[in-house]
Amino acid sequence: MDRPPQVLICDDDQLFHLAVKQSLKNVYACRSAYNTDEAIAILSKNPFDAILLDIQMRTSDEGLRAISRLKECDPDIAIIMSSGLTDFNAVREAMRLGATDYVVKDFEQNELTHVISRALERRSLLQRREQQNFEVLAQQRQHVLVGRSLHILALRKTIERIRQSPANAVITGETGTGKEVVARQLRRTLVDGSLAPFVAVDSATIQSSTAESLLFGHEKGAFTGAEKTTKGIFEEANGGIVYFDEISNMPLEIQAKLLRVLQEKEVVRLGSARVIQLSFRVICATNKDLDQMVREGKFKDDLLQRLNVLPIELAPLRQRKEDIPLLVEHFLSKQPASAASLRFTPEAVDLLQSYSWPGNIRELGNLVSYLVAMVEGPEVDISDLPPKFRDAVRCPANSPAPDPVPKDGTFYDRVAEFERGILADEYSKMKGNISRLALVLGMDRSHLYTKLREYRIHSGRSEEKTDIQRD
């Protein structure tokens, strides 16, 4: 049995306490306090839904003066002012200070019950709105597009343009590029301030035997084990988005069922004959070429035409490396507070921007989590990075072979010419970045400087200063 709403009566008139308790019996649970100090002491130890607060007690404005203190004890409590006098100035001041409602002491039989009920409904509505606002902010923080690259700036504009559109969309991009983050960014805000529904489905997990129940829902007793009526994913997402992750993995027979729903925008639950009209938007994600799959007979062409109304393509991380420092900061902010002070040295950031990131943003997030757990000091340096990152930069894939060893000259001349060719080639690739060049070649930085000056690849103090600034 649910507990009745708790009401605290704060008044210095004992007869008023008796009258209130008589009026509210069987509806609210009441407790008495005879001044605001006593009320605050009680409220600090016990939860109450509402307080009936007299304006005049030991002083003519004791109740007014106590409103802020009562709110400090419980910001959500409904404060209903009461007085034997109809002082509209006092009522206005009480409302300004945070009171919820007002009632005169010579109330009618059901008037007080109605006033308290109305105040509690208003309180509940405010709490729901605060919760909705919290959820919206939480979603925005969790699913945020991080970066200032041209690709991200253009993507944000695209999302703003198409968020309110009912048209379906296909998001393409390599694994780990953030396709679901973009899909969630497309959720619109409803009139009441909440986010539209978002139902995510892994396309590969939809089995033929359970597809209709999953997609359309079922009635109780529709099949063995159907112990209760259950909505399908389209009904759950009514008014919002159904997100199919890796739509390319969806079997052809399931694709046909999806096509029918997209055409009709209605479903019939298993075990029922009632047609349920729906309004939803389908957002799909894939790392495959769906046009090629259509040509190979692995994906239905008419379904692709229905889905790919708004194509969105995500760039791999290697094409937006200027966003890596911001992404690192973002992932650090999601770690425990103890990791907030962790910093990456310029050389470590430089290496991260030299890496190809086959796993994209997901791989970077995993790396940050690894480093937070493993690095003991306040800084992440190159030596802290896993070997695969250092090795990949030292030995980049498809790197051209060095020039052949010259056939003329002494042994040492040939070695020197070969060495000079390697240094000149790598210096050009690194665009004069000595720190990166030292890392790639595995050389001490000061020794590398000596060699570069010796071979006249990098010389002059002004050039050296420029290089140091660029590093």
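If you count the sequence shown from 1, position 6 lands on 5 in numbering that gives the first Met the number 0, and the numbers rise without skipping.
Glycine is no exception: its CB is placed at the ideal position from the N, C-alpha and C atoms.
- Sequence-distant Cβ neighbours of residue 255 in its own chain, meaning closer than 6 Å and more than five residues away, do not exist here.
- The count of Cβ pairs closer than 8 Å, one atom from the stretch 117-126 and one from the stretch 70-87, reaches three, so the stretches are in contact.
- Looking at the backbone, the Cα of residue 196 and that of residue 232 are separated by about 10 Å.
- Counting along the chain, residue 28 sits inside the beta strand (DSSP E) bounded by residues 28-32.
- Taking C-alpha positions only, residue 243 is separated from residue 427 by approximately 45 Å.
- Spanning the alpha carbons of residue 69 and residue 181 requires a straight line of approximately 44 Å.
- CA-CA distance, residue 83 to residue 241, rounds to 58 Å.
- A straight-line Cα-Cα distance of about 28 Å links residue 127 and residue 200.
- For the options 264, 330, 152, the alpha carbon positioned closest to that of residue 165 is the one of 264.
- At least 7 Å separates the beta-carbon of residue 160 from that of residue 185.
- Within the same chain, Cβ atoms closer than 8 Å to the Cβ of residue 86 are found at 54, the five residues on either side in sequence being excluded.
- In the three-state reduction of the DSSP assignment, residue 310 falls in the strand class.
- Of the other Cβ atoms in all chains shown, 16 or more fall within 10 Å of the Cβ of residue 330; this residue is therefore buried.
- Take residue 388, set aside five residues on each side of it, and the residues of its chain with a beta-carbon closer than 6 Å to its own are 354, in chain order.
- Excluding sequence positions up to five before and after residue 122, its CB lies within less than 6 Å of the CB of 77, all in the same chain and listed in chain order.
- In its chain, beyond the 5 residues on either side, 96, 97 have a beta carbon closer than 8 Å to the beta carbon of residue 67.
- DSSP links residue 80 through a beta bridge to 52, 101.
- Taking a C-beta distance under 7 Å as the contact criterion, residue 312 and residue 175 do not qualify as a contact pair.
- Going by beta carbons, residue 27 and residue 4 fall inside the 7 Å limit.
- Contact between the stretch 201-210 and the stretch 335-350 is absent, with fewer than three C-beta pairs closer than 8 Å.
- DSSP, reduced to helix, strand and coil, places residue 204 within a helical segment of the structure shown.
- The three-state secondary structure of residue 285, taken from DSSP, is strand.
- Taking residue 9 as reference, the option from 25, 50, 321, 43 with the minimal CA-CA separation is 50.
- Listed in chain order, the non-local C-beta contacts of residue 178 below 7 Å within the same chain comprise 170, 172, 284, 313, local neighbours out to five positions each way being set aside.
- The DSSP assignment places complete alpha helix (DSSP H) segments of no fewer than 4 residues inside the stretch 180-268 at 210-215, 232-235, 251-263, in order along the chain.
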